[in-house]
Amino acid sequence: MSLETEVLLQDNYKTNSDLSHLEDLALKSAIDYFGDELIHWLGIQEKAVRSAPTEIVELETRHMYEDFLYEMENGNWYHFEFESDSLTVDDMKRFREYEASTARRINAPVITYVICSSKVKKIRSSISEGINTYRVRVIRLKDNDPGKILSQLEQKTSTGLQREDIIPLLLSPLMAEKPEQKNRIMDGIHILKKAESSFSRREVQKMEAILYAFAVKFLNNEDLTVVKEAIAMTKLGQMIWDDAVKEGERIGRKEGERIGQKEASERYSRLILLLSKEKKDDLIIKIASDPEYREEMYKKYGI
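In terms of the UniProt record's numbering, the sequence shown opens at residue 1 and continues consecutively.
Here is the structure:
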């Protein structure tokens, strides 16, 4: 099947396993952007000194990509992995390999945290082979009540939300069971809309883009249409509309009016799907806050 055919199928929001890593993308974007706030919300009290490179090149020129790595003030390095399924023995062996290679390279202790959105009640946290036992620390997002969290944030919007408040809001779709994911995403968009004055335009666009990525991954065509209508009234929606206006000016006012916001939204969604297909996860959030770069990507992909 050609790439064009696959993208068109996904535009109709058929199941596509290639979008499974959008969850990783959104989590990586959140931890990259929020840093200490997200680490503290996860219950880790130590302060990060800096984030560290996560690409490991071994002597056999084999690339290993960790999800996230932080150097902490306590002298340890914390390695974060994001998983949407229950942890397998192969996952544990992969984490152990990452950890051993990183510890050897930086000559410091490394602790692996696995942020898991799986609904499996008992998640593997260790494996034993020979005389050795390897362990990770598992943080289960589904142990939280997203409805209660979002209700508390809704009440707090009147006094102003802080950066640390946004972490559970963005992760709420991963805490919810599938039937409730649309509602959690809609609630998150509504709260961000009320809190727009507390953050810069680009910050809000990045936050909304993370929720949008979750919507693209989790929701069917009907539910995603509802989310798009809600997004239309946000900073991210304004960005999409601005793109439509610019395109309309280029090809003529009448045709520009015909394109409208719906077509502009489809254009943005199409770019997300293409970048996701090529596993260029780091670029998806960037296009939400950098209009010049977004336009470059539109031209590159002929959208």
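Think of the CB as a built atom: it goes at the ideal place given N, C-alpha and C, for glycine as much as any other residue.
**Contact belief for S126 with R135 at Cβ below 8 Å, rounded distance in angstroms** = That belief holds up - the Cβ atoms of S126 and R135 are roughly 4 Å apart, short of 8 Å.
**Item:** Local Cβ density within 10 Å of M233, reported as buried at 16 or more and exposed below that
**Value:** M233 comes out exposed.
**Request:** Using only alpha-carbon positions, find the residue among L161, Q45 and V226 that is nearest to V204.
**Result:** Measuring from the Cα of V204, the nearest candidate turns out to be L161.
**Request:** Determine the direct distance from the alpha carbon of V110 to that of L192, and round the result to whole angstroms.
**Result:** Approximately 35 Å, taken between the alpha carbons.
**Prompt:** In or out: R50 buried (at least 16 other Cβ within 10 Å) or exposed?
**Reply:** R50 comes out exposed.
**Asked** According to DSSP, is N183 helix, strand or coil?
**Response** DSSP, read as helix, strand or coil, puts N183 in helix.
**Request:** In angstroms with no decimal places, state the Cα-to-Cα distance between W41 and I167.
**Result:** Rounded to whole angstroms, W41 and I167 show a C-alpha spacing of 7 Å.
**Prompt:** Can you give the Cα-Cα distance for E196 and A100, rounded to whole angstroms?
**Reply:** Between E196 and A100, the alpha-carbon positions lie close to 43 Å from each other.
**Request:** Report all residues from its chain with a CB closer than 6 Å to the CB of K142; omit the five preceding and five following residues, and keep chain order.
**Result:** Counting only Cβ-Cβ distances below 6 Å, and skipping sequence neighbours, we find K119 and M175.
**Prompt:** Among W77, N132 and R184, which has the Cα closest to the Cα of R105?
**Reply:** For R105, the closest of W77, N132 and R184 by C-alpha to C-alpha distance is W77.
**Prompt:** What is the DSSP secondary structure of N16, reduced to helix, strand or coil?
**Reply:** Residue placement at N16 is poorly supported in this model, since its pLDDT is 45, which falls under 50; the coordinates are not used for a value here.
**Asked** Quick one: Cα of G237 to Cα of T133, how far?
**Response** Whole-angstrom Cα-Cα distance: 50 Å.
**Request:** Taking 8 Å as the cut-off, decide whether the C-beta atoms of Y301 and L271 are in contact.
**Result:** Going by C-beta atoms, Y301 is nearer than 8 Å to L271.
**Item:** Cβ-Cβ distance between I189 and S172 below 8 Å
**Value:** Judged by beta-carbon spacing, S172 lies beyond the 8 Å limit of I189, meaning their Cβ atoms are not closer than that value.
**Message:** Let me confirm a value: E83 is counted as buried when at least 16 other C-beta atoms fall within 10 Å, else exposed. Which label applies?
**Reply:** Counting Cβ neighbours within 10 Å, E83 comes out buried, since at least 16 surround it.
**Asked** Residue range of the beta strand (DSSP E) that E129 falls in?
**Response** Counting along the chain, the beta strand (DSSP E) containing E129 begins and ends at S126 to E129.
**Asked** Among all the DSSP beta bridges, which residues are the ones paired with E83?
**Response** DSSP lists C116 as the beta-bridge partner residues of E83.
**Message:** Can you tell me whether R184 is buried or exposed? The criterion is at least 16 other CB atoms within 10 Å of its CB, across all chains shown.
**Reply:** Classification of R184: buried, given that the 10 Å Cβ count is 16 or more.
**Request:** Could you tell me which residues DSSP pairs with W77 in its beta bridges?
**Result:** W77 is bridged by DSSP to E71 and V110.
**Own chain, CB closer than 8 Å to L170, minus 5 neighbours either side, in chain order** = The beta carbon of L170 is closer than 8 Å to those of A26, A30, G188, M207, I210 and L211 in its chain, skipping five residues each way along the sequence.
**Request:** Look up L283 in the DSSP assignment and say whether it is helix, strand or coil.
**Result:** Three-state result, L283: helix.
**Asked** Does DSSP put A264 in a helix, in a strand, or in coil?
**Response** Looking at A264 - three-state DSSP - the assignment turns out to be helix.
**Asked** For A215, does the count of other Cβ atoms within 10 angstroms reach 16, so buried, or fall short, so exposed?
**Response** Burial check for A215: the Cβ neighbour count within 10 Å reaches 16 or more, so the residue is buried.
**Request:** Would you mind reading off the limits of the beta strand (DSSP E) that contains S51?
**Result:** Residues A48 to S51.
**Request:** Just confirm the distance between the C-beta atoms of A108 and G75, as a whole number of angstroms; I'd bet it's less than 8 Å.
**Result:** Contact annotation, A108 with G75: C-beta distance approximately 7 Å; criterion of less than 8 Å satisfied.
**S276 versus G43: straight-line alpha-carbon distance, rounded** = Roughly 31 Å separates the two Cα atoms.
**Prompt:** Helix, strand or coil for T133 per DSSP?
**Reply:** Per DSSP, reduced to three states, the secondary structure at T133 is strand.
**Prompt:** When the Cα atoms are used, what is the spatial distance from Y113 to R96?
**Reply:** Rounded to the nearest angstrom, the two C-alpha atoms are 12 Å apart.
**Item:** Expected contact under 8 Å - CB spacing of R163 and E73 to nearest Å
**Value:** Cβ atoms of R163 and E73 stay farther apart than 8 Å, at about 19 Å.
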